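Visitor: Residue numbers (the numbering used here): 47 to 449. No residue lacks a Cβ here, since even glycine has one placed at the ideal position from N, Cα and C. Model, not experiment: these values are computed from the prediction.
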């Protein structure tokens, strides 16, 4: 790469698309679903599952590694009367907790059975008419996807839904995205502090279709690429926009503190290094609202030799892998020593001399692990990343763009 901007085609936002898939399924807009397919594994898994549900009253659905698929479909299936569905996933998915969502749905008269271990999928779900007779209280400190799953189906719950969030709300930006999309489709949703009210008004076809945004979570890996580069490379992130519904847009402002400037143009954003920029010696950030930025940001801070403390990481322990443990393990291969309480923080100790011990980088079936370490190939051309095709979960064309 050189100073001529290289165009990067980002995937569309899977967080936005998976919300739209559930909404359109609830509206019986089955022809619309295929139009939303961006070809990445999580979206394909959701689309395939919904189409399978549309055709069969009794079946088993395996959604693989998709966390949002598991949570959103659990709630959706509960609303589908006369359906009898077993919902399962990958080995790792069956280790990720789902009890807070199941408990909440059962309070709405859902019929859900754990087929193996209490609190975890596989689930056997018998669809029925859901009814809310009182406020549903849910722990908001574990995953925002539990809340989104409930909100998306709320217009179809008898009497609507009163939801009260307990604990520290994580990934609030994703809850706000859900509410925004629901309102676009005519849902009557209000949020006041930690209380959310949804009236029982079904979704309606909007006058204007919603814009499918380019994915800011994927863009973060290119900000990482520019930040750690030894040359003044320039990238143009096609179709990326500001003022989106995506919380990970925050990466633009975070990386400005690491010397990456963003210039908004008509059809995207051009990113490059800020000339004569003085890097900070320390960097402290609470990522409660943007946990998916942890991996690219951690790599940037480590490779730039900045003493850093990242907090608000409690959701990372139940992702595709325990991302805190994975980062500690893999950064050690670059002589970067991290400390952590293994609950919600990561301290990256500044290392004057970064070196690569030639051990392959493990990805743990986690797309973000592959993409966050990939930019290090600029510094270490012999870098090896295992199971690199795992990026297809969210960004199938990532390696093509990297070349």
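State yes or no: is the C-beta of residue 271 within less than 8 Å of the C-beta of residue 301?
Guide: Residue 271 sits at position 225 when you count from the first residue of the chain shown. Residue 301 sits at position 255 when you count from the first residue of the chain shown. No; because the gap between Cβ atoms is not below 8 Å, this pair is not in contact.
Visitor: From the DSSP output, in three-state form, read off residue 73 for me.
Guide: Counted from its first residue, the chain shown places residue 73 at position 27. Of the three classes helix, strand and coil, the one that applies to residue 73 here is coil, per DSSP.
Visitor: Looking at the unbroken alpha helix (DSSP H) that takes in residue 257, where does it start and where does it end?
Guide: Counting from 1 along the chain shown, the entry for residue 257 is found at position 211. Looking at the DSSP string, residue 257 is not in any alpha helix (DSSP H), and its letter there is neither H nor E.
Visitor: So for residue 62, helix, strand or coil by DSSP?
Guide: Mapped onto the chain shown, residue 62 falls at position 16. The answer is helix: DSSP assigns residue 62 an H, G or I state.
Visitor: Suppose the cutoff is 8 Å on Cβ atoms and the five residues either side in sequence are ignored; what does the same chain contact list for residue 95 look like?
Guide: Within the chain shown, numbered from 1, the residue matching residue 95 stands at position 49. Only 107, 109, 115 and 119 meet the Cβ criterion.
Visitor: Report the three-state DSSP secondary structure of residue 279 (helix, strand or coil).
Guide: Working through the chain shown from its first residue, we reach residue 279 at position 233. Residue state, collapsed to three classes: coil.
Visitor: Should the segment 184-200 be called in touch with the segment 208-221, which here means at least 3 C-beta pairs below 8 Å?
Guide: yes
Visitor: Quick check for students: name the residue ranges of the alpha helix (DSSP H) that lie wholly in the segment 182-261, counting only runs of 4 or more.
Guide: List check, alpha helix (DSSP H) in window: 190-199 and 218-230.
Visitor: Specify, as a first and last residue, the run of the beta strand (DSSP E) that residue 306 falls within.
Guide: Here residue 306 is taken as the residue at index 260 of the chain shown, counted from 1. Note, residue 306: beta strand (DSSP E), 306-311.
Visitor: Roughly how many angstroms lie between the CA atoms of residue 246 and residue 165, to the nearest whole one?
Guide: Looking up residue 246 in the chain shown gives position 200. Looking up residue 165 in the chain shown gives position 119. Distance between the alpha carbons of residue 246 and residue 165 is about 29 Å.
Visitor: Could you give the C-beta distance for residue 92 and residue 64, rounded to a whole number, given that I count them as a contact under 8 Å?
Guide: Position 46 of the chain shown, counting from 1, holds the residue named residue 92. Position 18 of the chain shown, counting from 1, holds the residue named residue 64. Contact check for residue 92 and residue 64: beta-carbon distance about 5 Å, within the 8 Å limit, so the pair qualifies.
Visitor: Output the distance between the C-alpha atoms of residue 133 and residue 334, rounded to the nearest integer angstrom.
Guide: Translated into positions along the chain shown, residue 133 becomes position 87. Translated into positions along the chain shown, residue 334 becomes position 288. Taking the straight line from one Cα to the other gives about 29 Å.
Visitor: Between the segment 387-395 and the segment 433-449, can you find at least three pairs of beta-carbon atoms closer than 8 Å?
Guide: no
Visitor: By DSSP, does residue 47 sit in helix, in strand, or in coil?
Guide: Within the chain shown, the letter at position 1 stands for residue 47. Because the pLDDT of residue 47 is 43, which lies under 50, any placement of that residue in the model is unreliable, and the question is left without a value.
Visitor: Using a Cβ-Cβ cut-off of 7 Å (strictly less than) and excluding sequence neighbours within five positions of residue 417, which residues of its own chain qualify?
Guide: To locate residue 417, count along the chain shown from 1; it is residue 371. Closer than 7 Å at the Cβ level, and outside the excluded window around residue 417, lie 267, 437, 441 and 444.
Visitor: Would you mind working out which of 404, 210, 256 and 221 sits nearest residue 232, comparing C-alpha positions?
Guide: As a first step, residue 232 is located in the chain shown; it is residue number 186 there, counting from the start. Closest option to residue 232, Cα to Cα, is 256.
Visitor: To the nearest angstrom, how far is the alpha carbon of residue 83 from that of residue 54?
Guide: Position 37 of the chain shown, counted from the first residue, corresponds to residue 83. Position 8 of the chain shown, counted from the first residue, corresponds to residue 54. Cα-Cα distance, rounded: 20 Å.
Visitor: Determine the direct distance from the alpha carbon of residue 127 to that of residue 374, and round the result to whole angstroms.
Guide: Looking up residue 374 in the chain shown gives position 328. Looking up residue 127 in the chain shown gives position 81. Whole-angstrom Cα-Cα distance: 46 Å.
Visitor: According to DSSP, what are the bridge partners of residue 316?
Guide: Start at 1 with the first residue of the chain shown, and residue 316 comes out as number 270. Answer is 282 and 309.
Visitor: Using only CA atoms, which one of 229, 324 and 279 lies nearest to residue 250?
Guide: Here residue 250 is taken as the residue at index 204 of the chain shown, counted from 1. Taking only the C-alpha atoms, the option nearest residue 250 is 229.
Visitor: If you check the beta carbons only, do residue 104 and residue 130 fall under 8 Å apart?
Guide: As a first step, residue 104 is located in the chain shown; it is residue number 58 there, counting from the start. As a first step, residue 130 is located in the chain shown; it is residue number 84 there, counting from the start. Going by C-beta atoms, residue 104 is nearer than 8 Å to residue 130.
Visitor: So, under 8 Å CB-CB, residue 397 and residue 351 are touching, yes? Tell me the CB distance rounded to an integer number of Å.
Guide: Residue 397 sits at position 351 when you count from the first residue of the chain shown. Residue 351 sits at position 305 when you count from the first residue of the chain shown. With 8 Å as the limit, residue 397 and residue 351 qualify as a contact, their Cβ atoms being about 6 Å apart.
Visitor: Identify, in the order they occur along the chain, each residue of the same chain with its Cβ nearer than 8 Å to the Cβ of residue 176, setting aside the five sequence neighbours on each side.
Guide: Numbered from its first residue, the chain shown carries residue 176 at position 130. Here the set comprises 124, 125, 151, 154, 155, 156, 199, 202, 203 and 204.
Visitor: Are the segment 296-311 and the segment 319-332 in contact at 8 Å, needing three or more beta carbon pairs?
Guide: yes
Visitor: Assign residue 339 to one of two classes, buried (16 or more other C-beta atoms within 10 Å of its C-beta) or exposed (fewer than that).
Guide: Mapped onto the chain shown, residue 339 falls at position 293. With 16 or more other Cβ atoms from the protein chains shown falling within 10 Å of its own Cβ, residue 339 counts as buried.
Visitor: State the start and end residues of the unbroken beta strand (DSSP E) segment that holds residue 376.
Guide: Working through the chain shown from its first residue, we reach residue 376 at position 330. Premise fails: residue 376 lies in the alpha helix (DSSP H), 369-377, not in any beta strand (DSSP E).
Visitor: Can you check whether the CB of residue 411 is closer than 8 Å to the CB of residue 376?
Guide: Here residue 376 refers to the residue found at position 330 of the chain shown. Here residue 411 refers to the residue found at position 365 of the chain shown. With respect to residue 411, residue 376 sits apart: the two C-beta atoms are not nearer than 8 Å.
Visitor: Is it buried or exposed, residue 68, if we count other Cβ atoms within 10 angstroms and call 16 or more buried?
Guide: As a first step, residue 68 is located in the chain shown; it is residue number 22 there, counting from the start. It is buried - the Cβ of residue 68 has at least 16 other Cβ atoms within 10 Å.
Visitor: Who are the near neighbours of residue 346 in its chain, counting only those whose CB is closer than 7 Å to its CB and skipping five residues on each side?
Guide: One-based indexing of the chain shown puts residue 346 at position 300. The answer, listed in chain order, is 270, 273, 274 and 304.
Visitor: Please list, in chain order, all residues of the same chain as residue 47 whose beta carbon is under 7 Å from its beta carbon, the five residues on each side excluded.
Guide: Reading the chain shown from its first residue, position 1 is the one you call residue 47. For residue 47, the predicted structure reports a pLDDT of 43, less than 50, and the residue's modelled location is therefore unreliable. The matter cannot be settled from this model.
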